[in-house]
Amino acid sequence: MLAIGCDHGGFELKNHIIGHLKERGVQLKDFGTYDETSCDYPDIAGAVCNAIVSGECENGILVCGTGIGMSIAANKVKGIRAALCTDVYSAKMTKQHNNSNVICLGGRVTGRELAFLIVDTWLDETFLGGRHQNRIDKIHLLEK
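Be aware that the sequence shown starts at 35, since it is given in this note's numbering, and climbs by one per residue.
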């Protein structure tokens with residue numbers, strides 16, 4: 035199960051991504067927001083990330099105006115490795131090397147088709163492990 039959420043700045047792109055993911059057959063849970071009324075991105079980031087660390091969902095996608103706020107908020111949750119991705123290569127590398135469990139996008143700076151490519155790349159990649167696992171372990175130590 036994939037968790038997805040946005041603030042008002044990411045509402046339109048989130049809805050396009052949901053449609054794209056449904057076409058791919060991806061099961062997801064939408065944590066809001068459900069319209070363009072101004073809301074606070076940390077609330078949405080917290081809901082998505084808590085669903086991941088609790089095991090309710092495996093991974094998550096967060097969208098705000100730039101992706102920056104969501105990325106900052108998500109990375110405050112212990113066990114979350116959120117990456118702001120603006121290109122396909124970064125999406126590939128953050129899954130392969132960082133085993134990111136959340137990807138963040140900017141609804142006001144990333145076009146729909148590029149967002150689809152970024153999301154597809156991230157979902158289709160796998161963590162390489164090996165020397166990269168040692169680095170993930172060191173990240174976990176930073177959380178203590």
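For every residue, glycine included, the Cβ atom is placed at its ideal position computed from N, Cα and C.
These numbers were taken from a predicted model, which means no experiment stands behind them.
Which term fits residue i, buried or exposed, when burial requires 16 or more other beta carbons within 10 angstroms of its beta carbon?
i: Leu139; result: buried
i: Leu55; result: buried
i: Tyr75; result: buried
i: Leu47; result: buried
i: Ser105; result: buried
i: Ser72; result: exposed
i: Gly16; result: Summary: the structure shown does not reach residue 16, with the chain confined to residues 35 through 178, and so no result is reported for it.
i: Asp158; result: exposed
i: Ile78; result: buried
Once DSSP output is grouped into helix, strand and coil, what is the label at residue i?
i: Asn93; result: strand
i: Lys56; result: helix
i: Cys73; result: coil
i: Leu157; result: helix
i: Thr128; result: helix
i: Gly44; result: helix
i: Asn133; result: coil
i: Asn49; result: helix
Check for me: the alpha helix (DSSP H) holding residue i runs from which residue to which?
i: Ile137; result: That residue, Ile137, is in no alpha helix (DSSP H); its beta strand (DSSP E) goes 136-140.
i: Leu175; result: 165-176
i: Gly103; result: 102-108
Which residues does DSSP pair with residue i in a beta bridge?
i: Ile38; result: Asp64, Ile95
Confirm, please, whether the CB-CB distance from residue j to residue i is below 8 Å.
i: Ala37; j: Val82; result: yes
i: Asn132; j: Ala117; result: yes
i: Lys129; j: Thr160; result: yes
i: Asn135; j: Ile152; result: no
i: Ile95; j: Ile137; result: yes
i: Ile52; j: Asp41; result: no
For residue i, report the span of its beta strand (DSSP E) as first-last.
i: Leu118; result: 116-118
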